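Per this note's numbering, residue 1241 is the first one in the sequence shown, and the count goes up by one each step. The structure appears right after this line, and notes come after that.
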Amino acid sequence: MTGQSLKKCVLIILDGIGDRSYEQLDHQTPLQAAKTPVMDELASCGANGLYHAGHLGQALPSENAHFVMFGYDMSAFPGRGVLEALGAGIRLRRKDVAVLTHFACLREQGGILLVDERKPVISEHDVSRLINEVEEFETHGVHVRFIQTGGIFGIILLSGDVAPYITDSDPFIDGRPLIEIEPWSDFKQDKATGNTALALKEYLVWAYYCMQDHPVNRSRVSNGQLAINGFITQRAGQLKEVTPFKQCNGLRGLSIASGIVYLGLGSYTGMDTIKVEDTVNPGEDIAGRIKIAIDNLDDYDFIHVHTKAPDEAGHTKDPEFKMRVIESLDSGIGKAIHPLMDDPEVLLIVTADHSTPSTGPLIHSGEAVPLTFYGQGVRRDAVMRFNEIDAATGALGNVRGSQLMYMVLDHLDMSKLHGIMDTPVDQPYWPGEYQPFRLK
Ligand SMILES: [Zn+2]
């Protein structure tokens, strides 16, 4: 068909698919080494490039990268603690501080606490017994509450005269000392920040002593297991003013994902969300999510389809396993994608939020990820394969940060001619929801 324009965008995010090269894969990345005929077909019939949501070399968390991909400025980012809290259905008041946390095995040595095991395994029953012991605390006029979001994970919610500008206590590596809770240097004089650092510190110390001698831990220690006796914390956040997704981008947005942080991102930005579950088969999972996207195309203009599988495979630090997960995803995409490929109104984008290296200590890394645009009228370049190396020779070149959403709007014929002001806000899309001119 010709003469018809693209009207909808389906953005498939293969979380953390970018990687480094490995000797055991003939010096290729897991994505290069994987057999991916479906993604290769999209790449060979589309425009390709390399994407990074921030600065090249910067290791971005998923939620920050997604926030930018969804057309937002990082200054409006509320912190992962807030997003996870919203995603878990926790009601936050405007000034509450939400800190991401989980239980860990800590050991005292010379007055400091070392992290023996960051993510211990414990039964639901035993973790509930520990939570009962440390659920609520009050100090310096700050109310502190632990709220479980699943297993050993949760949110520490601080209410009162509080602020989120404090350091994490999580060193991210087993065997390292816990980090002191301090105000950020620019907030050293800020009373609410000082108050928050003090209150959280006192809570963490109190919780450590409460749990240290808890019957759950006495029994663990007598069985030769490490005591699960403390919390480690990171990425405190607080709600901010944010423009709703529809107003920000002119598109009705839907996010289909399994992680609660994406539900939280949806709740924060006003995008609708559909929560899906992960199974042991990432290919079937992504096929199911693409089918849900197809079923919802009439009601939305921008649909985010997410899989965490490549990122989690990267965290196992086994490049060959990650390669196999990618192959499973490709085959799953192949089972469901054809109605979208055949739809003359759909712009399909396949990319990732960041790279996740399959070796070394980094959780995420700062290399760019492959980006493919596919749809009617999209330029076709000479790239034949979907991977980090071939994509570098594509027609899209290097795409950064919020440029991605501008490119979506452009392909949907919604890009505003720069300088036009049809609304008081200089939004990137056109036409805006303007006020009709009134005679009186
Ligand atoms: Zn990610």
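We put the CB at the ideal spot given by N, CA and C, even for glycine. Just so we're clear, the structure is a prediction, and the values are computed from it rather than from any experiment.
By the neighbour-count definition (other C-beta atoms within 10 Å, threshold 16), F1310 is a buried residue.
For G1390, the enclosing beta strand (DSSP E) has its first and last residue at V1382 to G1390.
In chain order, the residues that have a beta carbon nearer than 6 Å to some heavy atom of ligand 1 are D1255, G1256, S1302, D1551, D1593 and H1594. Residue state for K1428 is assigned as coil, using DSSP reduced to three classes. Judged by beta-carbon spacing, E1376 lies within the 8 Å limit of R1385, meaning their Cβ atoms are closer than that value. With fewer than 16 other Cβ atoms inside 10 Å of its own Cβ, G1617 counts as exposed. If you draw a straight line from the Cα of E1281 to the Cα of M1563, it comes to about 18 Å.
When C-alpha distances from T1612 are compared across G1634, P1597 and T1596, the shortest belongs to G1634.
Collapsing the DSSP output to three states places K1480 in coil. When the alpha-carbon of V1461 is set against those of E1560, G1258, C1345 and G1637, the nearest one is in C1345. Considering only K1359, H1342, W1670 and G1493, the residue with the shortest C-alpha distance to I1660 is W1670. Rounded to whole angstroms, the Cβ separation of I1396 and T1436 is 11 Å, and the two are not in contact under 8 Å.
When only Cα atoms are considered, R1620 and A1533 end up about 25 Å apart. When DSSP states are grouped into helix, strand and coil, T1556 belongs to the coil group. The stretch 1315-1324 makes no contact with the stretch 1648-1663; the number of CB pairs closer than 8 Å stays below 3.
Under DSSP, A1344 shares a beta bridge with G1470. A1403 is positioned such that its CB atom lies no closer than 8 Å to that of Q1298. Contact annotation, F1485 with G1510: C-beta distance approximately 5 Å; criterion of less than 8 Å satisfied. Closest option to G1470, judged by alpha-carbon separation, among L1652, L1494, G1554 and K1359: K1359. Around the CB of G1329, fewer than 16 other CB atoms lie within 10 Å, so the residue is classed as exposed. Burial check for V1445: the Cβ neighbour count within 10 Å stays below 16, so the residue is exposed.
Along the length of the stretch 1394-1466, whole alpha helix (DSSP H) runs at least 4 residues long occupy 1431-1452 and 1455-1462, reported in chain order. Contact fails between the stretch 1445-1460 and the stretch 1424-1434, because fewer than three Cβ pairs, one in each stretch, are under 8 Å apart. With 16 or more neighbouring CB atoms inside 10 Å of its own CB, L1505 falls in the buried class. Per DSSP, reduced to three states, the secondary structure at A1533 is helical. Take T1519, set aside five residues on each side of it, and the residues of its chain with a beta-carbon closer than 8 Å to its own are D1525, in chain order. When the five nearest sequence neighbours on each side are left out, the beta carbons in the same chain lying within less than 7 Å of the beta carbon of L1636 are those of A1287, N1288, G1289, L1611 and F1613, in order along the chain. Taking the Cα of L1644 as reference, the smallest distance to any Cα among Y1291, A1273, E1357 and Q1465 is reached at Y1291. Between the alpha carbons of Y1262 and T1269 lies a gap of roughly 6 Å.
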